[in-house]
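In the working numbering, the protein residues as written are -14 to 128. The beta carbon of each residue, even a glycine, is placed where N, CA and C say it ideally should be. For clarity, every value in this text was computed on a predicted model and none was experimentally measured. Input: a single structure, listed below in structure tokens.
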Amino acid sequence: MTNNLKEIIINYSYPSLNGVYLRPGLYLNPDTNPNIFLVGYNPATPIHKNDLKQSEYRNLILSHKKFISYYEALRIKKGKRKLSPTRKRINDLVTKVFTDTNEVMFETNIFSYPTSKEKELRALPKDILEEVKQPFIEMLHTI
-14 MTNNLKEIII NYSYPSLNGV YLRPGLYLNP DTNPNIFLVG YNPATPIHKN
36 DLKQSEYRNL ILSHKKFISY YEALRIKKGK RKLSPTRKRI NDLVTKVFTD
86 TNEVMFETNI FSYPTSKEKE LRALPKDILE EVKQPFIEML HTI
């Protein structure tokens, strides 16, 4: 991962509104520079500051494998399926692209604030919406 991308992830992986951590991006292999960016709208599974300390969360999102393991356990704990249908498709796409091209994908979202429904995201105050777009905007300037 380029130092700039890693720095953006670290700088923006803090608890925002209601103590929900922002999720600026996930990267399968932080030792290489990504050539492919998978951009979504916003993450769907919130992780709260009561779930993890900020330092633990930062370490988690810097490791795709650790993040997915934690994500699966969190979803099961909440009585949900291990993987959401969207996460399964994302994982399948990341694997397929790597298998076919040997390229590693960087996963990011326009809005880094996780909500289970788009309607919840749209209901956020405008200043929060601006705040949670900043990681994506900085990434665009970096790549």
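- Exclusion of the five residues before and after isoleucine -6 leaves Pro9, Gly10, Ile46, Leu47 as the residues of its chain whose Cβ lies within less than 7 Å of its Cβ.
- Taken atom to atom, the span from the alpha-carbon of lysine 111 to that of threonine 127 is near 25 Å.
- Counting other Cβ atoms within 10 Å of its Cβ, serine 97 reaches 16 or more and is therefore classed as buried.
- Residue range 21 to 25 is occupied by the beta strand (DSSP E) that includes leucine 23.
- Residue environment for valine 24: exposed (fewer than 16 other C-beta atoms within 10 angstroms of its C-beta).
- Here the alpha carbons of isoleucine 95 and glutamate 116 stand approximately 11 Å from one another.
- If the five residues before and after isoleucine 32 are omitted, its C-beta is found closer than 6 Å to the C-beta atoms of Tyr6, all from its own chain and listed in chain order.
- Bridge pairing for histidine 126: absent [DSSP].
- A straight-line Cα-Cα distance of about 32 Å links serine 40 and threonine 84.
- Taking 8 Å as the cut-off, the Cβ atoms of arginine 74 and threonine 30 do not count as close.
- Apart from the 5 residues on each side of it in sequence, isoleucine 21 sits with its Cβ closer than 6 Å to the Cβ of Glu88, Met90 in its chain, given in chain order.
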